[in-house]
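Note that the protein sequences, when read in sequence, are chains A and B.
Quick note on numbering: the first sequence equals residues 1346 to 1457 in my numbering.
Quick note on numbering: the second sequence equals residues 74 to 184 in my numbering.
All C-beta atoms in this analysis are idealised placements derived from N, C-alpha and C, irrespective of residue type, glycine included.
Quantities reported herein were computed from a predicted structural model and do not represent experimental measurements.
Reading through the structure tokens given below for one structure.
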Amino acid sequence: QKEVEQNSGPLSVPEGAIASLNCTYSDRGSQSFFWYRQYSGKSPELIMSIYSNGDKEDGRFTAQLNKASQYVSLLIRDSQPSDSATYLCPDYLYSSASKIIFGSGTRLSIRP
Amino acid sequence: KAGVTQTPRYLIKTRGQQVTLSCSPISGHRSVSWYQQTPGQGLQFLFEYFSETQRNKGNFPGRFSGRQFSNSRSEMNVSTLELGDSALYLCASGENTGEQYFGPGTRLTVT
Chain A
1346 QKEVEQNSGP
1356 LSVPEGAIAS
1366 LNCTYSDRGS
1376 QSFFWYRQYS
1386 GKSPELIMSI
1396 YSNGDKEDGR
1406 FTAQLNKASQ
1416 YVSLLIRDSQ
1426 PSDSATYLCP
1436 DYLYSSASKI
1446 IFGSGTRLSI
1456 RP
Chain B
74 KAGVTQTPRY
84 LIKTRGQQVT
94 LSCSPISGHR
104 SVSWYQQTPG
114 QGLQFLFEYF
124 SETQRNKGNF
134 PGRFSGRQFS
144 NSRSEMNVST
154 LELGDSALYL
164 CASGENTGEQ
174 YFGPGTRLTV
184 T
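In structure tokens:
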């Protein structure tokens, strides 16, 4: 059973600082990597997809992938109170029977 | 494009009853996955359908079942409800790339 390891938090970051969230995977078979954000009482929302090693930037968000180390991170620059949420990085392996495993996520709190 | 829709949004049932939840995916998406979310267990994968076929199934008892129609709409059914089935049930659709777009969920309360 593949697993995703995330720091469950809560991770507290001052407003305006960089928030760093990390995921490590136990299975080298993982092929695609995603970050979801879930506000309390809401459903998860896809915020980043990354498929190749290196960095991918989208606004204040940067995803970093290192497949060899089975490691993916999400950096949030200029953190805002609206970034306070739980961040999920599911494990996804596509084959004839795709399956996505979500961990419990990292709770991020941006303090004013 | 319209997002994923789920009906009903809220539901209260009694133990032993059965329930059917509905999900309409984003137009063009053929993959529909279902998840159960509870405070203690997080997001648990129930099953995934693609082009009317169940492609994968999570570790849930047979009381949980689903199906997908030719228009990609999907339903899940839970029979003989138990108190522990109280949860938020989420549906997500995708284009087979792994990216998933979630609906607002159906909150089921079993009394």
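Item: Check whether the Cβ atoms of residue 106 of chain B and residue 173 of chain B sit closer than 8 Å, and answer yes or no.; Value: yes
Item: Quick check: what's the CA-CA separation for residue 131 of chain B versus residue 120 of chain B?; Value: 6 Å
Item: Note down the Cα distance separating residue 1419 of chain A from residue 1407 of chain A, rounded to an integer number of angstroms.; Value: 6 Å
Item: Looking at the strands, I want to know which residues DSSP matches up with residue 1436 of chain A.; Value: A:1378, A:1446
Item: Does the beta carbon of residue 106 of chain B come closer than 8 Å to any beta carbon on chain A?; Value: yes
Item: In three-state terms, what does DSSP make of residue 1427 of chain A?; Value: helix
Item: Give the secondary structure of residue 157 of chain B by DSSP, where H, G and I count as helix, E and B as strand, and everything else as coil.; Value: helix
Item: With respect to the beta strand (DSSP E) encompassing residue 110 of chain B, which residues constitute its N-terminal and C-terminal limits?; Value: 104 to 111
Item: Mind listing which residues of the region 118 to 129 of chain B have their C-beta closer than 7 Å to chain A's C-betas, in chain order?; Value: 118, 121, 128, 129
Item: Among A:1436, A:1445, A:1456, whose alpha-carbon lies nearest the alpha-carbon of residue 1368 of chain A?; Value: A:1436
Item: Who are the near neighbours of residue 1399 of chain A in its chain, counting only those whose CB is closer than 8 Å to its CB and skipping five residues on each side?; Value: 1409, 1410
Item: With 16 as the cutoff for other CB atoms within 10 Å, does residue 108 of chain B come out buried or exposed?; Value: buried
Item: Please report how far the alpha carbon of residue 162 of chain B lies from the alpha carbon of residue 114 of chain B, in whole angstroms.; Value: 13 Å
Item: I need the straight-line Cα distance from residue 141 of chain B to residue 1370 of chain A, nearest angstrom please.; Value: 31 Å
Item: Measure from the C-beta of residue 71 of chain B to each C-beta in chain A and report whether the shortest distance is under 8 Å.; Value: Any answer about residue 71 of chain B is impossible in this case: the structure gives chain B only from 74 up to 184.
Item: Alpha carbon to alpha carbon, how far is residue 1359 of chain A from residue 123 of chain B? Give it in angstroms, no decimals.; Value: 43 Å
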